[in-house]
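Q: Numbering (this note's numbering), first residue to last: 23 to 303. Ideal placement from N, C-alpha and C gives every residue a C-beta, glycine not left out.
(1) Helix, strand or coil: which one does DSSP assign to residue 243?
(2) Determine, using beta carbons only, whether residue 248 and residue 188 come nearer to each other than 8 Å.
(3) Could you check the C-alpha separation between residue 219 and residue 160 for me, to the nearest Å?
(4) For residue 76, tell me which candidate among 169, 133 and 206 has the shortest Cα-Cα distance.
(5) DSSP on residue 291, reduced to helix/strand/coil?
(6) Taking just the CA atoms, how far does residue 97 sit from residue 71?
(7) What are the start and end residues of each continuous beta strand (DSSP E) run of 3 or more residues lying completely inside the region 99-176, in chain order?
(8) Taking contact to mean at least 3 C-beta pairs separated by less than 8 Å, is the region 73-91 in contact with the region 136-145?
(9) Looking only at its own chain, which residues have a Cβ that is under 8 Å from the Cβ of residue 87, when we skip the five neighbours before and after it?
(10) Among 214, 113 and 201, which one has its Cα closest to the Cα of residue 22?
(11) Output needed for residue 145: all residues of its chain with C-beta closer than 6 Å, excluding positions within five of it in sequence on either side, in chain order.
(12) Residue 116 and residue 164: beta carbons closer than 8 Å?
(13) Would you decide whether residue 113 is buried or exposed? Buried here means 16 or more other CB atoms lie within 10 Å of its CB.
(14) By alpha-carbon positions, which one of 184, 206 and 217 ends up nearest to residue 243?
(15) Note the first and the last residue of the continuous beta strand (DSSP E) segment covering residue 84.
Here it is as structure tokens:
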């Protein structure tokens, strides 16, 4: 038997295989990391829209809150989650906005919402609240202009003076304001020192309040004589009158016009009959 010759298998470099595995692993990891962002990005064709919720009538010099909400655009994903930013700029427009104010006038909508404070001017007029909302994500922007019409009206007011009859300080406390026996608001009263007086004022807006007499009433009976109104009274009331709309005289004008036309027609008919009678003679 001849000599046995052992042939060693030829070895191949390992780095190409390791490189391939690394590439596959890196691709898979990159896909996992990028997938949420890709899924979360809103399509560029999604419109941005929103609303402004708040009272349509605001008393002169009074303040009220308006809630602005927005959705859509680049800042919102197709599944409804927020992935970007909603920025806004708010302005007031009207015949006289010298002493009108909206705050904050610019900023960001948190989770698609922000509350704005609007202070009405002293002039009775119609204002428009404009809010420009911009939906942004990764350098892409799309905007829309939201509007709210606000009528500035004269509010109904009640004023009174509190007197502290106690020998010590009293308060703080809240006073409930009733209108025709139903609560419509409250006034926060701070700590009052012994023997002091404190003026309170409350303004109320209701454009649908029926014509006729109405009464504000306030009670401090829960303070058991520690605080009273002038004259030592525990109840205070103030009446006011709401005028109705001017009468609609359209029907009377129409009836008068028809009566006039009828009278002319009768007169012309009689005149025509007389002329025809003379012609026959």
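A: Taking the coordinates as given:
(1) For the purposes of this step, residue 243 is identified with residue 221 of the chain shown, where counting begins at 1. Of the three classes helix, strand and coil, the one that applies to residue 243 here is helix, per DSSP.
(2) For the purposes of this step, residue 248 is identified with residue 226 of the chain shown, where counting begins at 1. For the purposes of this step, residue 188 is identified with residue 166 of the chain shown, where counting begins at 1. Judged by beta-carbon spacing, residue 188 lies within the 8 Å limit of residue 248, meaning their Cβ atoms are closer than that value.
(3) Sequence index remark: in the chain shown, residue 219 carries index 197 (1-based). Sequence index remark: in the chain shown, residue 160 carries index 138 (1-based). The straight-line gap separating the alpha-carbon atoms of residue 219 and residue 160 is approximately 60 Å.
(4) For this step, residue 76 is matched to residue 54 along the chain shown. Answer by Cα proximity: 169.
(5) On the chain shown, residue 291 is found 269 positions in, with the first residue counted as 1. Residue 291 sits in a helix when the DSSP states are folded into three classes.
(6) On the chain shown, position 49 is the one that residue 71 refers to. On the chain shown, position 75 is the one that residue 97 refers to. Straight-line spacing of the CA atoms in residue 71 and residue 97 works out to 12 Å.
(7) Correct list: 107-115, 123-125, 128-130, 135-141, 147-159 and 162-175.
(8) Short answer: they touch.
(9) Counted from its first residue, the chain shown places residue 87 at position 65. If we look at residue 87 and ignore the five residues flanking it on each side, its Cβ neighbours are 76, 137, 138, 139 and 140.
(10) Because residue 22 is not part of the residues shown, which for the chain are 23 to 303, the question remains open.
(11) Stepping through the chain shown from its first residue, residue 145 is reached at position 123. Once the five neighbours on either side are set aside, the close Cβ partners of residue 145 are 118.
(12) Reading the chain shown from its first residue, position 94 is the one you call residue 116. Reading the chain shown from its first residue, position 142 is the one you call residue 164. Not in contact: residue 116 and residue 164 (Cβ atoms no closer than 8 Å).
(13) By one-based count along the chain shown, residue 113 stands at place 91. So residue 113 ends up on the exposed side.
(14) On the chain shown, residue 243 is found 221 positions in, with the first residue counted as 1. Checking every option, the nearest Cα to that of residue 243 belongs to 184.
(15) Along the chain shown, one-based indexing puts residue 84 at 62. Per DSSP, residue 84 belongs to no beta strand (DSSP E) and is neither H nor E.
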